[in-house]
Amino acid sequence: PLREPSEESVAELARSVREHAHDLVRRLPSADDEEALRRVAQLREQLDGLTAAVIGRACGDRQPRRELREPRP
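And the structure:
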């Protein structure tokens with residue numbers, strides 16, 4: 367079974383995304399189009415990972431409660 371990401375790993379991923387976004391904002395004015403697109407694509411991948419981790423935690427947090435409510439056969 368898949369394990370949900372820890373709160374610590376989600377927080378670390380969020381920090382990484384924030385740092386990458388700040389770096390992107392700093393570099394965009396001097397970046398050429400290709401570099402800018404590459405950096406935006408990297409940031410989007412990080413955001414997708416962060417979103418998946420947060421959703422995984424949210425679903426994982428609800429899972430035990432849902433199991434308690436389901437009647438047993």
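In the numbering used here, the protein residues as written are 367 to 439. For every residue, glycine included, the Cβ atom is placed at its ideal position computed from N, Cα and C. Values in this document were obtained by computation on a predicted structure and should not be read as measured data.
**Request:** Since I believe E378 is in contact with R423 (beta carbons under 8 Å), could you give me their beta-carbon distance rounded to a whole number of angstroms?
**Result:** No, R423 and E378 are not in contact; Cβ-Cβ is about 13 Å, not under 8 Å.
**Prompt:** Does DSSP classify L434 as helix, strand or coil?
**Reply:** Residue placement at L434 is flagged as unreliable, the pLDDT there being 36, under the threshold of 50; the coordinate-derived value follows with that caveat. Three-state DSSP puts L434 in a helix.
**Item:** L390: first and last residue of the uninterrupted alpha helix (DSSP H) it sits in
**Value:** According to the DSSP assignment, L390 belongs to the alpha helix (DSSP H) that extends over E373 to R393.
**Item:** DSSP state of E401 mapped onto helix, strand, coil
**Value:** helix
**Message:** Measuring only the C-alpha atoms, how far is R393 from R384?
**Reply:** Computed Cα separation, rounded: 14 Å.
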